[in-house]
Each structure stands twice: as C-alpha cells, then as structure tokens.
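Colleague: Each position in the sequence shown, counted from 1, maps to that position plus 2 in our numbering. Even glycine gets a Cβ: it sits at the ideal position worked out from N, Cα and C. From a predicted model like this one, the values you see are computed outputs, not experimental measurements.
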Amino acid sequence: MIDLLLGMVSKNKTSNSRHSFGRLAGLVGLVANLLLFSVKLLAGLLSSSVAIIADAFNNLSDAGSSIVTLVGLRMASTPPDKEHPFGHGRMEYVTAVVIAIMILFAGFELAKSSIGEILNPAEKAFGLISVIILIASIVIKLWLALFYKNIGNRIHSAALWAAATDSRNDVICTSVVLASTVFGWLTEISVDGYAGTFVAVFIMWSGFSVLRDTISPLLGQAPEQDLVCDIKETVLAHDGIIGIHDLIVHSYGPGNRIISLHAEVSSSEDMMRSHDLIDRIEREIMGKYNAVACIHMDPVDTDDERVKALRLFVEEVLAAIDQSLTLHDFRVVFGETHTNLIFDVVVPFHYKKTKDLCEEVQRRVWDTDPQLFTVATIENSYT
Ligand SMILES: [Zn+2]
Ligand SMILES: [Zn+2]
C-alpha cells in the first residue's frame with residue numbers, strides 16, 4: 003500500500019529516499035485530515051453538536067501539522083543563498099510556531115462555545131449519519147497511526163512517530179465524542195458541552211506541546227548526548243589526538259549543523275603534520291555529520307615532567323573543590339620569582355559557586371606553594 007502511494011507522489015518511481023517518504027506522509031495526512039474536517043464540521047453543524055465541531059477542528063489542526071511537514075521538507079531542500087548561507091531548515095520551526103498559535107486559538111474558541119453549551123444547551127438533532135462519520139473517523143485515524151509508524155520506522159523520523167502517537171490520541175478523542183453522542187441519543191440527557199470541553203482542552207494541550215517542542219530548537223538547545231559521544235569517538239580515533247574539549251554543536255534546522263571543537267596535539271609533533279591531521283578530521287566530520295566543521299588545534303606539552311606534575315597538582319586542587327570540575331588548555335610560564343599557571347576550567351550549569359572559584363583555586367594553590375599564580379578562565383560546557 004505504502005509502495006503504491008509512494009509511486010504516485012514521487013516523480014522518480016525508484017526513489018525511496020527520506021524526502022519521498024516524508025512527502026508521502028505529509029500529503030496523506032493533509033488529505034485525510036482535511037476530508038475528516040469537512041465531513042465532521044458538516045455533521046456537527048447539522049446536529050448542532052459542539053463536541054463534533056470541536057473534533058472537526060482537532061483534525062484541522064492535524065492538517066496544519068502535515069503542512070509543517072511539507073513546508074519543512076520543501077525548505078530543507080532549498081539550497082543556501084547569499085542572504086541565508088546556513089540554509090532554510092529553521093523555517094520548519096517557524097511554520098510550526100505559527101500553526102501552534104492557530105491551534106491554541108482554535109482550542110480556546112472551542113472551549114468558550116463548549117462552556118456556553120453547558121450553560122445553555124442547544125436543541126439536539128440526532129443523526130445516524132453523525133455516528134457513522136465518527137466511527138469512520140476512528141477507523142481512518144487508526145489506519146493513519148499505523149501508516150505513520152510504518153514510515154517512521156523506515157526513515158527513523160521522530161516527527162512521524164509523534165504523528166503516530168497523535169493519531170492514536172485522536173482515536174481516544176473521537177471515541178469520547180462518539181460515546182457522548184450515543185449517550186445523548188439513548189438517554190436524551192445532553193453531555194455534548196462536556197465532551198466539547200474535553201476535546202477543546204485536548205486541542206489546546208497539543209498546540210502547547212508543539213510550541214514547547216519548537217521553541218527549544220529555535221532558542222538553540224544542547225546536542226543529543228549520543229551525537230556528542232559519537233563526535234568525540236570519531237576525533238579521538240585518530241593517532242596523534244590526545245584529547246578534545248570545547249565541543250560546540252550548532253544546529254540550523256534538521257540535518258544542518260556547525261560543529262567546532264578544540265583538539266589537543268603533542269607540542270613536540272611537527273606543526274605541519276598536526277595541521278594536516280586536523281584538516282583530515284575536519285573533512286571526515288563534514289562528511290559524516292553533513293556539517294560545517296572547524297577544529298582549533300591546541301598544543302599540549304607532553305615531555306616536560308615539571309608541567310605534567312603541575313597539571314596533576316591543579317587537577318587535584320579542582321577535584322578537592324568539586325568532582326565535576328574539569329580543566330583543559332593547561333600552560334605554564336616559568337619565571338624567576340613566580341610561575342604562572344594558565345588554564346580553562348569547565349563548570350557544569352548547576353554549579354553554584356562559580357563567582358568565587360578563581361579565588362578559591364588560588365587560595366588552595368598558595369597553601370602548597372606561594373610562588374604559583376593561577377590565571378583561570380571559567381566556562382560552561384556547550385554540550
Ligand atoms: Zn582549547
Ligand atoms: Zn586548516
């Protein structure tokens with residue numbers, strides 16, 4: 003079934019790419035939800051049931067999500083240009099925010115009319131056709147849930163798995179409306195306003211979750227830990243790289259990243275050779291993560307025993323203050339009367355005493371050797 007539909011939407015019959023699958027999911031979702039919206043709106047208006055009308059708008063909001071998927075795919079395939087050298091991937095989030103606000107607004111309006119219905123029930127015209135439409139809607143949504151899950155599994159798309167969950171929730175939503183309609187018909191007691199309120203709250207909740215999920219990547223969020231570990235492993239797999247730090251992953255929309263990091267190399271190694279190695283790793287990262295990569299080279303003195311001992315000493319001082327503190331870019335400037343220790347300290351965001359940390363480190367170092375001066379730069383981790 004999916005292969006048949008795929009053949010219809012994709013111009014290239016043999017193309018089974020992520021793009022074609024995403025387009026298929028978006029188009030099927032859009033058509034199915036617009037269809038459900040129009041028949042339910044009609045049924046709701048004819049039987050003057052706010053619950054059915056609210057359920058119709060719930061489907062309209064899903065049509066909106068399908069539009070986000072399609073716009074996102076279109077934008078992601080729009081190449082970077084002079085004004086937007088980082089591409090147009092974030093347009094997907096902007097579209098999602100606009101649609102989320104529309105969903106919230108629709109939910110609010112429906113909640114108002116549902117509460118109005120509770121206070122002031124309208125005369126109901128029961129129609130068997132409404133019941134049939136609601137049952138058909140449940141069946142279609144069950145099928146959509148399976149359809150999204152199937153495609154989501156094929157292309158590993160979190161967005162499609164979310165769409166599958168949403169379709170399953172819609173089944174619950176429509177079942178409540180169906181139950182309320184049948185209940186009203188059998189008992190002639192109208193619970194229509196209550197069912198409508200339930201659906202309206204459900205719509206507002208889904209609008210809120212879309213907003214929450216899209217604001218975060220727009221603000222710029224920490225990269226997934228799997229990706230961070232994977233990048234570290236990739237870089238450290240090369241002989242000649244002693245360590246890495248200051249890794250930053252910047253995302254300009256799905257599949258469009260900028261990765262920068264500091265790689266530590268031995269200061270006794272030839273600079274041209276080290277730079278050559280760094281360039282090769284940059285290219286490997288670009289290919290592997292479809293990203294722009296920039297690697298800064300940090301020489302580390304691995305031969306001088308005095309430097310090694312001092313580094314170990316400062317690491318112990320930091321560990322004594324807090325186990326979560328780490329240091330990098332450690333350098334030593336030896337002098338006649340005093341010696342400068344220069345380094346960066348990474349503190350976790352939850353660390354409270356950042357302000358006094360420099361003084362604290364200096365105080366503890368002086369306890370051991372008054373000739374050692376510390377020049378510490380405090381920073382947070384970007385991962
Ligand atoms: Zn560095
Ligand atoms: Zn270079």
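(1) Please report the distance separating the alpha-carbon of Asn342 from that of Thr370.
(2) Count the other C-beta atoms from every protein chain shown that fall within 10 angstroms of the C-beta of Ser132, then say buried if there are 16 or more, exposed otherwise.
(3) Measuring straight from C-alpha to C-alpha, what distance separates Ile105 and Ser211?
(4) How big is the Cα-Cα spacing for Gln364 and Val319?
(5) Using a 10 Å radius around the Cβ and a threshold of 16 neighbouring Cβ atoms, would you call Asp358 buried or exposed?
(6) Applying the 10 Å Cβ sphere with the 16-neighbour rule, what's the burial state of Asp172?
(7) In chain order, what residues place their C-beta within less than 7 Å of a heavy atom belonging to ligand 1?
(8) Between which two residues does the beta strand (DSSP E) harbouring Leu374 extend?
(9) What residue ranges within the stretch 236 to 312 form continuous alpha helix (DSSP H) runs of no fewer than 4 residues, ordered along the chain?
(10) When DSSP labels each residue in this structure, what does His21 get in the three-state scheme?
(11) Drop a sphere of 10 angstroms on the beta-carbon of Ala165, count the other beta-carbons inside from all chains shown, and report buried for 16 or more, exposed for fewer.
(12) Once you ignore the five residues that flank Val41 on each side, which residues in its own chain have a CB closer than 7 Å to its CB?
(13) Out of Glu119, Ala56, Ile246, Asn122, which has the shortest C-alpha to C-alpha gap to Val203?
(14) Could you tell me which residues DSSP puts in a beta bridge with His352?
(15) Counting only runs of 4+ residues fully inside the stretch 134 to 219, write out the alpha helix (DSSP H) ranges in chain order.
(16) What is the DSSP secondary structure of Arg365, counted as helix, strand or coil?
(17) Please say whether His264 and His298 have beta carbons closer to each other than 8 Å?
(18) Under the three-state reduction of DSSP, which class applies to Leu329: helix, strand or coil?
(19) Could you tell me the alpha carbon to alpha carbon distance between Val201 and Cys175, rounded to whole angstroms?
(20) State the beta-bridge partners of Asp324 as determined by DSSP.
(21) Between which residues of its own chain and Leu312 is the CB-CB distance below 7 Å, once the five residues before and five after are set aside?
(22) In three-state terms, what does DSSP make of Thr370?
(23) Please report the residue range of the alpha helix (DSSP H) in which Gly53 lies.
(24) Give the secondary structure of Arg122 by DSSP, where H, G and I count as helix, E and B as strand, and everything else as coil.
(25) For Asp305, is the classification buried or exposed, using 16 other Cβ atoms within 10 angstroms of its Cβ as the cut-off for buried?
(26) Taking all protein chains shown into account, do 16 or more other C-beta atoms lie within 10 angstroms of the C-beta of Ser17, making it buried, or fewer, making it exposed?
(27) My understanding is that Ser182 touches Asp168, with C-beta atoms under 8 Å, so please give their C-beta distance in whole angstroms.
(28) Out of curiosity, what's the CA-to-CA distance linking Leu188 and Met77?
(29) For the structure I just gave you, are there three or more beta carbon pairs, one from the stretch 346 to 357 and one from the stretch 314 to 330, closer than 8 Å?
(30) Just to confirm before moving on: does the CB-CB distance between Tyr2 and Pro219 stay below 8 Å?
(31) Checking the sheet assignment: what are the DSSP bridge partners for Ile344?
(32) Does Thr97 come out as helix, strand or coil in the three-state DSSP assignment?
(33) Which residue wins for smallest C-alpha separation from Ser270, given the options Leu213, Ile243, Val294, Leu144?
(34) Would you check if there are 3 or more beta carbon pairs closer than 8 Å linking the stretch 147 to 156 to the stretch 230 to 237?
Modeller: For this structure:
(1) Here residue 342 refers to the residue found at position 340 when the sequence shown is read from its first residue. Here residue 370 refers to the residue found at position 368 when the sequence shown is read from its first residue. Near 15 Å, if we compare the C-alpha coordinates of Thr370 and Asn342.
(2) Here the question's residue 132 lines up with position 130 in the sequence shown. Counting Cβ neighbours within 10 Å, Ser132 comes out buried, since at least 16 surround it.
(3) Locating residue 105 in the sequence shown gives position 103, counting from the first residue. Locating residue 211 in the sequence shown gives position 209, counting from the first residue. Taking the straight line joining both Cα atoms gives about 11 Å.
(4) Here the question's residue 364 lines up with position 362 in the sequence shown. Here the question's residue 319 lines up with position 317 in the sequence shown. Answer to the nearest angstrom: the Cα atoms are 10 Å apart.
(5) Counting from 1 along the sequence shown, the entry for residue 358 is found at position 356. Exposed.
(6) The residue given as residue 172 occupies position 170 in the sequence shown. Under this definition Asp172 is a buried residue.
(7) His247, Asp248, His264, His298, Asp300, His330, Asp331, Asp346
(8) Here residue 374 refers to the residue found at position 372 when the sequence shown is read from its first residue. Residues 374 to 382.
(9) 273 to 291
(10) Translated into positions along the sequence shown, residue 21 becomes position 19. His21: helix per DSSP, three-state reduction.
(11) Taking the sequence shown and counting its residues from 1, the one referred to as residue 165 is at position 163. So Ala165 ends up on the buried side.
(12) Locating residue 41 in the sequence shown gives position 39, where the first residue counts as 1. Excluding sequence neighbours, Val41 sits near Ile135.
(13) On the sequence shown, position 201 is the one that residue 203 refers to. Of the candidates Glu119, Ala56, Ile246, Asn122, the one whose C-alpha sits nearest the C-alpha of Val203 is Ala56.
(14) In the sequence shown, the residue the question calls residue 352 occupies position 350. Its beta-bridge partners do not exist; DSSP assigns none.
(15) 160 to 189
(16) As a position in the sequence shown, residue 365 is number 363, starting the count at 1. The answer is helix: DSSP assigns Arg365 an H, G or I state.
(17) The sequence position of residue 298 within the sequence shown is 296, counting from 1. The sequence position of residue 264 within the sequence shown is 262, counting from 1. For His298 and His264, yes; Cβs fall inside 8 Å.
(18) Counted from its first residue, the sequence shown places residue 329 at position 327. It is a strand residue.
(19) The residue given as residue 201 occupies position 199 in the sequence shown. The residue given as residue 175 occupies position 173 in the sequence shown. Rounded to the nearest angstrom, the two C-alpha atoms are 6 Å apart.
(20) The count along the sequence shown starts at 1 and reaches residue 324 at position 322. Looking at the DSSP assignment, Asp324 forms no beta bridge with any residue, so it has no partner.
(21) Mapped onto the sequence shown, residue 312 falls at position 310. Within the same chain, Leu312 has close Cβ partners Val334, Leu343.
(22) Locating residue 370 in the sequence shown gives position 368, where the first residue counts as 1. DSSP places Thr370 in helix when its eight states are reduced to three.
(23) For this step, residue 53 is matched to residue 51 along the sequence shown. In the sequence on display, residue 53 carries Ala and not Gly. That run of the alpha helix (DSSP H) goes 52 to 78.
(24) Within the sequence shown, residue 122 is the residue found at index 120, counting from 1. The sequence as given places Asn at residue 122; Arg does not occur at that position. Asn122: coil per DSSP, three-state reduction.
(25) What you label residue 305 is simply residue 303 of the sequence shown in a count that begins at 1. Looking at its Cβ environment, which holds fewer than 16 other Cβ atoms inside 10 Å, Asp305 is exposed.
(26) Mapped onto the sequence shown, residue 17 falls at position 15. Because the pLDDT of Ser17 is 45, which lies under 50, any placement of that residue in the model is unreliable, and the question is left without a value.
(27) The residue you call residue 182 lines up with position 180 of the sequence shown. The residue you call residue 168 lines up with position 166 of the sequence shown. 21 Å between Cβ atoms; not a contact.
(28) Locating residue 188 in the sequence shown gives position 186, counting from the first residue. Locating residue 77 in the sequence shown gives position 75, counting from the first residue. Distance between the alpha carbons of Leu188 and Met77: 51 Å.
(29) yes
(30) Summary: the structure shown does not reach residue 2, with the chain confined to residues 3 through 385, and so no result is reported for it.
(31) The residue given as residue 344 occupies position 342 in the sequence shown. DSSP, once it has assigned bridges, lists Arg333, Val377 as partnering Ile344.
(32) By 1-based counting over the sequence shown, the position of residue 97 is 95. Note: Thr97 maps to helix in three-state DSSP.
(33) For the purposes of this step, residue 270 is taken as the residue at position 268 of the sequence shown. Checking every option, the nearest Cα to that of Ser270 belongs to Ile243.
(34) no
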